[in-house]
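These notes concern the structure reproduced below.
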Amino acid sequence: MDNQQLREKLLNLKNEAIALIQDAKSEAELERLRVVYLGRKGKINKFVGNIKKGDESQKREFGTLLNDAKIAVQEALESKTKNPPASSEDWIDVTLPAKRPPLGHLHPVTQAIDEITKIFERIGFVRARYPEVDYDYYVFSALNMPANHPARDEWETFFIKSPKHPKYGGLVLTTHTSNGQVREMERVGKPPIRMLNIAKCYRRQQDATHTSMFHQFEILVIDENITIQHLKGTLDYFAREFYGKEISARLRPFHFQFTEPSFEVDFTCTICQGKGQLDTGERCRFCKSGWLEVGGAGMVHPAVLQAGGIDPKMYTGFAFGMGVERAYRLKPGLKLDDIRLLYSNNLEFLEQF
Amino acid sequence: MNILIPHEWLKTHLDTRATPEELKDALSLCGLSVEKTIPAGKDVVFDIEVTTNRVDCMSVRGIAREAAAILPEFGSSARLKPMALTPVASRKPLDIKIVNDQKLCHRILAIKLTCVRITKSPAWLADRLTKVGQRPLNNIIDITNYVMWELGHPIHVFDYDRLAAKTILVREGRTDERLVTLDGKEHVLRGGEVVFDDGTGTLIDLPGIMGTENTVVTETTKNILLWIESIDKKKIRHASMGLAIRSQAAILNEKGVDPELGKDAILRAIELYRDHCQATIGSSLVDQYPNKPRIHTIRLPQERLTAYMGLVVEPTKVERILTSLGCTVETDKKDKQNISYQITPPSWRALDLTIPEDAIEEIARIYGYHNLPSVLMGGEIPVATRPFDTFRLERLVKQSCADWGLIEVYTHSLVSETLAILSSEPLEKHLKVSNPLSEDQVYLRRSLIPSHLEVIKSNPTFEQMNIFECANVYRKTEGTKLPKEKTQLLFTIVGSYPEAKAILEPLLERLHVEYQILPTDGVARTLEPLRSAAIISNQEVIGEIGEVKPEILGGLGLAPRVSAVIIDMDKLQKVARYYPTYQPLPKHPPVKEEMTFILPTKTYLGEVIEEIYDTSRYVEKVELGEVFGQNATFRVIYRHPDKSLSDEEVAPLRRKIKQNLEHHFNAKLVGNL
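Chains as they are written, first to last, in my numbering: chain A, 2 to 354; chain B, 1167 to 1839.
Listed below in structure tokens is the structure:
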């Protein structure tokens, strides 16, 4: 026989063995097959007799092939032995609690951040990270809020004991992710900018809907020809992706020092689907006439673009910021009414997620 | 800031047929957010959020003006009713000497009213005040509050007869000067506040913020000096914040109340004092208004408006919207392609409408944001840089930890003094909050471990306590540099060292990290020196693993053994990989065998295993089998890449292992080779 024929013969032998093993119906049959193929006088060992004596090249080639065949047959036997064929009469208790690997949990805030990130990455946003303890300059002054401006009162700020930087001022815990706006402009230099900034923020307040540490996500878009319509489009896209196709966004006038025009952003109520009342006819207590207030937005103020070294005559842009916890809390069916639970680190609570 | 506006009061200034519900919806969509409507008998009260730039809307008339501009866009006719106020005819000079400082005070209006009768306010007036949350006191006081609420300008009355020195001198307060406000509280000035002095050095008012006890009206007041001033808004802010007096007057004045409004306010007040306190006019109306503020004109090119709105708004519509808000508009149509608008805002919007974008906002909001299309932007997508690559690593690390049964926690970045001390870093090396909310949240933490111990403590009934977190620790830096924020992974396990290691190793392997875990003395201050190790990769310590020191556990009253793994995420980032270098799959069968050695006590088995690996490149894998007393069994797997190893070929390797272990570890092989 030439090499080609020998190879075929060996292949057939191997396949035949594996097929019989697969079909075996009992452990005794498996043992018999083991002897037939792998035994000392088994078919595979006998196959060696086919190799011409003294043909070193044939011997080398078939040494490896034989070995592979043996391993394959051995593995087929082992896997069949581990899962022996079940007889149709064997009864098992299908309700028996199974032994299972421990189930860990990602924190709901992490899950929300992941989902938000994926949604914005799909339309070209790049996630960024900026300091949590930052200079007054980036948190306020560069955002068109000079020292002592009354607008600063709206941010209940934690101040850090530290010497003042001659140019950037003292240190504060970031009250919003907007400290990333001018920092991102400085980093990128020239638009386009599509930034997604998600970070821990801190404010001096604590109640059922506020925790002194929380997370915010913020998007910043700067490019030529960016209009209010694009902000609306982006918000509608996010609302739909995050909550479902019935949910959309609306803008209402507001005021922030760092955007002009500024908006308050509402989403269709995720609980009553914007109807303002529940199926039972009761008024929806979750929203105001079918709308939920979710965050702040606006067209980037020319003074902020200038602070970031970007020419407001050439570029426009928008920004939108919202609490991650708030975004997550509005998921339909979640029914989480006290945001503080998220930071209670009660493991029985976290195990539910 | 919010303001309450009763519908019935609003209608005295606004002529419209719109229902309260229609008013609420239209205002909310295009003007100010009506947060709720509160039923009040037959009337309804709007609770309206007014943004800090719109102090002109902090009054009934302000809201009426805003509604009159908005309602027509919703198909309801609306008109702001004119106010017919009677001018003061008296020419009798006011016998009070007023010495102003123009830098501090931009306008002063004053008039003497005599023979006032103090009674309760008329029912309608008291009722309106009650609806807006102001407690009626007597007619004299109530009228000042009423006028402020109706027109938006704070107003003050002095008891004329208590101004004994007949002088009002406007000056800055000096450090440590004292005054007692009308609520009986004594305040020590910081300096720089605007105060009124009676010429003798006695302070007789904290203008624009709150009256002083020594000059306000009392139950026996006969004659009053009705007074309005426009103090510089920054000065108001300075004084109000510095002295912590947040009166309604201060909240309005610090945002720059329109001085033009003063005249209407004082005339309206005079009218009410005449009608309801039987007051007679005792002097002419003093009006010191030396420098009327200049109102700047804004030039808005149509093109700029289009750039923001994404569509063309007809010039006639632009003009109509701006005019309805009180602006005067001149449209420059000389160049058909480049129409532009010269916009002069009304006095009450002079501080708020200053740049073209401000005018764009006015046009766009009245046009209605809800009338704009919603489209996603096209344009170039920024892909050139990936500067923040750690997100992917964090994601994988977190998912892996959760996959292996750990629960993720989020503990607070701010910790108590107790937890800060338990980090084993000196307290003074922590960043400290200067205005903490509570004692639990004072220091920015330098270690995550104490926070996790607290979680363990607060979940006493929980059985399997394996938790993890990826968060920052904060290190103070010298001078005015930003603090260092380092992201760490911490996982904490109630259990001994090997249980923590059992999770650490697969994590590092999933990230294709080449690492060693080596004993070192006291790598981490929080871990037991003899029961901890350094995690080393590429000659750098990337983390620590070990059992937490009992004294730290004791600090929180914890008894069980707790192990922790701390990894520096930036350092891990440098050595982690998302895919391996592929090794060709073995073609030849391995030889497996077990060898048992007797080893001296305190031998590091990890080092023994390393030694076996170093014996030959044909040692493919070394696993630790059973360990019993001093005996340890090693499972050694030999493999040659190009051939099947025979027993004769393995024999010398085996001998070498025996020799090496004898030599380096004083180990004795159990049995014979």
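Even glycine gets a Cβ: it sits at the ideal position worked out from N, Cα and C.
Less than 8 angstroms between the C-beta atoms of residue i and residue j, yes or no?
i, j, result
"residue 174(A)", "residue 136(A)", "no"
"residue 234(A)", "residue 1542(B)", "yes"
"residue 1731(B)", "residue 1615(B)", "no"
"residue 1613(B)", "residue 1686(B)", "no"
"residue 1216(B)", "residue 1224(B)", "yes"
"residue 1313(B)", "residue 1447(B)", "no"
"residue 1610(B)", "residue 110(A)", "no"
"residue 1(A)", "residue 143(A)", "In this structure chain A extends from 2 to 354, so residue 1(A) is not present and cannot be described."
"residue 1290(B)", "residue 1226(B)", "no"
"residue 197(A)", "residue 140(A)", "no"
"residue 1503(B)", "residue 1465(B)", "no"
"residue 105(A)", "residue 1573(B)", "yes"
"residue 1755(B)", "residue 68(A)", "yes"
With a cut-off of 8 angstroms, does the C-beta of residue i fall near any C-beta of chain A?
i, result
"residue 1780(B)", "no"
"residue 1514(B)", "no"
"residue 1484(B)", "no"
"residue 1541(B)", "yes"
"residue 1536(B)", "yes"
"residue 1621(B)", "yes"
Give a yes or no on whether the minimum CB-CB distance between residue i and chain B is below 8 angstroms.
i, result
"residue 165(A)", "yes"
"residue 142(A)", "no"
"residue 128(A)", "yes"
"residue 146(A)", "no"
"residue 121(A)", "no"
"residue 181(A)", "no"
"residue 300(A)", "yes"
"residue 197(A)", "no"
"residue 344(A)", "yes"
"residue 353(A)", "no"
"residue 19(A)", "no"
"residue 251(A)", "yes"
"residue 261(A)", "yes"
"residue 125(A)", "yes"
Which first and last residues belong to the beta strand (DSSP E) in which residue i is found?
i, result
"residue 1583(B)", "No beta strand (DSSP E) contains residue 1583(B), which is instead part of the alpha helix (DSSP H) from 1583-1588."
"residue 1345(B)", "1344-1346"
"residue 1578(B)", "Taken as a continuous stretch (DSSP letters only), residue 1578(B) belongs to no beta strand (DSSP E), as it is neither H nor E."
"residue 198(A)", "194-203"
"residue 1762(B)", "1757-1764"
"residue 1263(B)", "1263-1265"
"residue 1696(B)", "1693-1703"
"residue 293(A)", "292-301"
Go to residue i, then tell me how far its alpha helix (DSSP H) extends in each direction, as first and last residue.
i, result
"residue 1899(B)", "Here chain B has residues from 1167 to 1839 only, and residue 1899(B) is not among them."
"residue 1569(B)", "1556-1569"
"residue 38(A)", "28-39"
"residue 1718(B)", "1716-1721"
"residue 1194(B)", "1186-1196"
"residue 280(A)", "Run containing residue 280(A): none; DSSP gives neither H nor E here."
"residue 1268(B)", "No alpha helix (DSSP H) holds residue 1268(B); DSSP gives it neither H nor E."
Tell me the start and end of each unbroken beta strand (DSSP E) in the segment 1365-1440 of chain B that is at least 3 residues and wholly inside, in chain order. 1369-1372 and 1390-1397
Contact set between the segment 103-116 of chain A and chain B, restricted to residues whose Cβ is under 8 angstroms from the partner: 103, 104, 105, 106, 107, 108, 110, 111 and 115
Closer than 9 angstroms between beta carbons: that is the criterion. Which residues of the segment 1572-1605 of chain B meet it against chain A? 1572, 1573, 1574, 1575, 1576, 1577, 1578, 1579, 1580, 1597, 1598, 1599, 1600, 1601, 1602, 1603 and 1604
Using Cβ-Cβ distances below 7 angstroms, what residues of the segment 1184-1197 of chain B are close to chain C? Among the chains of the structure shown, chain C does not appear; the protein chains present are A and B.
Under 9 angstroms (Cβ pairs) to chain A, residues found in the segment 1628-1640 of chain B: 1628, 1630, 1631, 1632, 1633, 1634, 1635, 1636, 1637, 1638 and 1640
Which residues, in chain order, does the segment 213-234 of chain A contribute to contact with chain B at a C-beta distance below 8 angstroms? 213, 214, 222, 224, 225, 226, 227, 228, 229, 230, 231, 233 and 234
The segment 41-65 of chain A: which residues have C-beta closer than 7 angstroms to a C-beta of chain B, in chain order? 65
What residues from the segment 1244-1266 of chain B come within 7 angstroms of chain A, judged by C-beta to C-beta, listed N to C? none
Starting from the N-terminal side, write out each stretch of the alpha helix (DSSP H) that is 4 residues or longer and does not extend beyond the segment 1303-1338 of chain B. 1305-1317
Any C-beta of chain B within less than 8 angstroms: which residues of the segment 315-338 of chain A qualify? 317
Taking only runs of the alpha helix (DSSP H) that begin and end inside the segment 1472-1549 of chain B, which ones reach a length of at least 4 residues, in chain order? 1481-1490 and 1522-1533
In chain order, what are the residue ranges of uninterrupted beta strand (DSSP E) at least 3 long that sit wholly in the segment 1591-1622 of chain B? none
Unbroken beta strand (DSSP E) runs of length 3 or more, entirely within the segment 109-167 of chain A: which are they? 127-129, 134-136 and 160-166
In the segment 1660-1673 of chain B, which residues sit with their C-beta less than 8 angstroms from some C-beta in chain A, listed in chain order? none
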